[in-house]
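Here's the structure we're looking at; comments come further down.
As structure tokens, then:
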């Protein structure tokens, strides 16, 4: 209850010989899996994404099946398990996110992106049990997952 479904739409670029992840849009929503899946499909087609990776834990697996059914067969839709501890995953990717992620400077114009950035920048690992911080982990966890995917895929560059 209360969790945000977080999805990043990003590209990977080599800037000054450094791999950078440019987050150009997000879905950060409390809507159900059907509504969020439809938005993933729409944004994937809008941005011409050829690869969709969704955490397979919880409702993510249902989203994978819904998205896979609607996207062209040329699109790669993959379920990615989150087998490691969430706090370990977040703490392990935190510095990488700070150094390598580039966020849209106009994020305040997009209410979901604004909420995502607010939770991402407001997350504090030492206070993650406080009620007001309870669901802020959704933004940082999604971003940590993206960081780990990029580090794994481009391990010889990063």
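In my numbering, the protein residues as written are 5 to 162. Beta carbons: idealized from backbone N, C-alpha and C, even for Gly. Since we're looking at a predicted model, the values are computed, not measured.
**Asked** If we ignore side chains and look at the alpha-carbon of each, how far apart do residue 20 and residue 26 end up?
**Response** Cα-Cα distance, rounded: 14 angstroms.
**Asked** Could you check where the beta strand (DSSP E) with residue 38 kicks off and where it finishes?
**Response** Run containing residue 38: none in the beta strand (DSSP E); it sits in the alpha helix (DSSP H), 37-51.
**Prompt:** At which residues does the beta strand (DSSP E) containing residue 28 begin and terminate?
**Reply:** Start and end: 22-33.
**Prompt:** Mind pulling the alpha helix (DSSP H) runs of 4 or more residues that sit fully within the segment 68-126?
**Reply:** Inside the segment 68-126, DSSP marks whole alpha helix (DSSP H) runs of 4 or more residues at positions 90-104 and 115-126, from first to last along the chain.
**Request:** Run the CB neighbour count on residue 102, radius 10 Å, all protein chains shown included, and call it buried at 16 or more, exposed below.
**Result:** The residue is exposed, with fewer than 16 neighbouring Cβ atoms inside 10 Å.
**Prompt:** CA-CA distance, residue 127 and residue 84?
**Reply:** Taking the straight line from one Cα to the other gives about 23 angstroms.
**Request:** Would you decide whether residue 104 is buried or exposed? Buried here means 16 or more other CB atoms lie within 10 Å of its CB.
**Result:** The residue in question, residue 104, is buried, as its Cβ has 16 or more Cβ neighbours within 10 Å.
**Item:** Buried or exposed (CB count within 10 angstroms, at least 16 for buried), residue 92
**Value:** So residue 92 ends up on the exposed side.
**Request:** Could you tell me which residues DSSP puts in a beta bridge with residue 15?
**Result:** Partner(s): 26.
**Item:** Contact set for residue 43: own chain, Cβ-Cβ below 6 angstroms, skip 5 residues either direction
**Value:** Closer than 6 angstroms at the Cβ level, and outside the excluded window around residue 43, lie 31.
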